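Be aware that the sequence shown starts at 151, since it is given in the working numbering, and climbs by one per residue. Glycine residues also receive a C-beta, built at the ideal position from the N, C-alpha and C atoms. Bear in mind that the values here come from a model prediction, so they are computed numbers and not experimental data. Working notes for the structure below.
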Amino acid sequence: MFTLSIVLTISGAVAAVTGLYWGALRTLRRYRELDDLLPKLQAILVDPAIPAEEHDARRHALLDPSGTWGHVEYVMEYSEFAVLSMVAKNLKWPALLTATGIVLGAAASIVSLWA
């Protein structure tokens with residue numbers, strides 16, 4: 151039972167830290183992706199060298215729209231980018247503090263088994 155308690159405590163901590171890391175990684179990856187794509191979409195839209203009838207085709211080749219009609223085509227992506235911008239700038243320290251708390255809690259649980 152002692153060994154099972156240790157294994158479950160460590161497994162729980164590893165699962166929680168992995169989930170935290172995975173979520174943060176996916177959030178930052180999507181932020182970087184949109185940070186790269188949205189300026190390109192805007193540049194295509196305002197480029198006078200590109201004929202008007204080609205704007206949509208070039209933009210759609212870069213990223214399939216989630217809506218229709220100009221900027222509204224990418225309203226979900228612009229909204230998502232605005233939210234992710236706020237999250238990405240403030241994610242590092244809360245995530246590290248959470249991971250530290252999980253590890254310390256697991257360590258305390260294991261130490262309490264000997265007490």
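Linking proline 244 to tyrosine 171 through their CA atoms gives a straight-line distance of about 12 Å. In this structure, the CA atom of proline 198 is about 11 Å from the CA atom of glutamate 204. Secondary structure note for methionine 151: it is in no alpha helix (DSSP H), with a DSSP letter that is neither H nor E. Excluding the 5 residues flanking it on each side, valine 167 has same chain C-beta neighbours closer than 6 Å at Ala249, Ile252, in chain order. In this structure arginine 209 is buried. Its beta-carbon is surrounded by 16 or more other beta-carbon atoms within 10 angstroms.
Rounded to whole angstroms, the separation of the alpha carbons of glutamate 223 and alanine 163 is 42 Å.
A check of alpha carbon separations from methionine 236 across Leu154, Gly169, Arg180 identifies Arg180 as the nearest. CA-to-CA, the gap between glycine 169 and alanine 211 works out to about 33 Å.
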